[in-house]
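Novice: Per this note's numbering, the sequence shown starts with residue 3, numbered consecutively.
Even glycine gets a Cβ: it sits at the ideal position worked out from N, Cα and C.
Note that this is a predicted model, so its numbers are computed, not measured.
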Amino acid sequence: MAGYRWRTWIRMTPQDGQSETLDLGNIFPGGFTASGVLTAAEPRYREVQDMRETIERRLRPLRFGFRPEVRLRFDIVETDPNAAVLAKIVRRLMDPYWTVELSLDDARTYREVVLREAPSPEPFGGKTVAGATHELRVIAKEAVREFPDIRIGTSW
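(1) In the DSSP assignment, find the unbroken alpha helix (DSSP H) run with residue 90 in it and report its ends.
(2) Determine, using beta-carbon pairs with one atom in the stretch 71-83 and one in the stretch 40-54, whether at least three such pairs fall under 8 Å.
(3) Rounded to whole angstroms, what is the Cα-Cα separation between residue 24 and residue 12?
(4) Counting beta carbon pairs with one atom in the stretch 50-57 and one in the stretch 131-142, are three or more of them shorter than 8 Å?
(5) Give every residue of the same chain whose Cβ lies closer than 7 Å to the Cβ of residue 68, excluding the five residues on either side of it in the sequence, and list them in chain order.
(6) Can you list, in chain order, the residues of its chain whose CB lies under 8 Å from that of residue 56, leaving out five sequence neighbours each side?
(7) Could you tell me if residue 30 is buried or exposed, where buried requires 16 or more neighbouring beta carbons within 10 angstroms of its beta carbon?
(8) Would you decide whether residue 192 is buried or exposed? Buried here means 16 or more other CB atoms lie within 10 Å of its CB.
(9) Roughly how many whole angstroms lie between the Cα atoms of residue 89 and residue 59?
(10) According to DSSP, simplified to helix, strand and coil, what is residue 26?
(11) Using a Cβ-Cβ cut-off of 6 Å (strictly less than) and excluding sequence neighbours within five positions of residue 138, which residues of its own chain qualify?
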C-alpha cells in the first residue's frame, strides 16, 4: 500500500509586522528518539451548501464549494522543548490581530485558517507523566470551488 505524508507549514503574520513561518515537520520531526511528534495531518473537505425547498416541496441545493478542515495531532512528551510552539500557534489563532495560514504541500499553497477546536491533552496510557496527545483542528476561512486532486505535491 503506497502512502504519503503532508508537509505541514504554518505562517503567522501580525497586522503590522513581519510574518513568522514554522516548518512543523522540522519542529516535530518524528522518529523513535524525538520528544515531540506531529503524528497526523488529516485534511477533510466539507461541502458548503444551502438547501432550499421549492413550492412543490422538492429540495433544491445551492452548492458553493468545499471548505477545507484539517486535524493536526501531536504526541508531546513532558520534556519536549518545542511544546510551547503548539501553545503559541493556538494563541495566534485566537488573537484577532494575527493572521494564521496553513500549508500541507511544503509551503506552496497557504490557506488562511481559524480555530475550530483547541487542543485538549489526552495522556499517554492514562498517565500524564509520560506526555500527551494534543489534537488541533483548524478550518479554512475561504471555501474552494472544486474538490482538489489529492496527490503528493498538489495543492490542498
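Specialist: Working from what's here:
(1) Counting from 1 along the sequence shown, the entry for residue 90 is found at position 88. That run of the alpha helix (DSSP H) goes 85-96.
(2) yes
(3) If you number the sequence shown from 1, residue 24 lands on position 22. If you number the sequence shown from 1, residue 12 lands on position 10. Approximately 5 Å between the Cα atoms of the pair.
(4) no
(5) Numbered from 1 along the sequence shown, position 66 holds the residue referred to as residue 68. So the list reads 47, 48, 49, 50, 145, 146, 149, once near-sequence residues are dropped.
(6) Position 54 of the sequence shown, counting from 1, holds the residue named residue 56. Excluding positions up to five away in sequence, the list reads 62.
(7) One-based indexing of the sequence shown puts residue 30 at position 28. That one is buried.
(8) No information on residue 192 is available, as it lies outside the stretch 3 to 158 that the chain covers here.
(9) In the sequence shown, the residue the question calls residue 89 occupies position 87. In the sequence shown, the residue the question calls residue 59 occupies position 57. Cα to Cα, residue 89 sits roughly 49 Å from residue 59.
(10) Here residue 26 refers to the residue found at position 24 when the sequence shown is read from its first residue. DSSP, read as helix, strand or coil, puts residue 26 in helix.
(11) Here residue 138 refers to the residue found at position 136 when the sequence shown is read from its first residue. Excluding positions up to five away in sequence, the list reads 74, 121.
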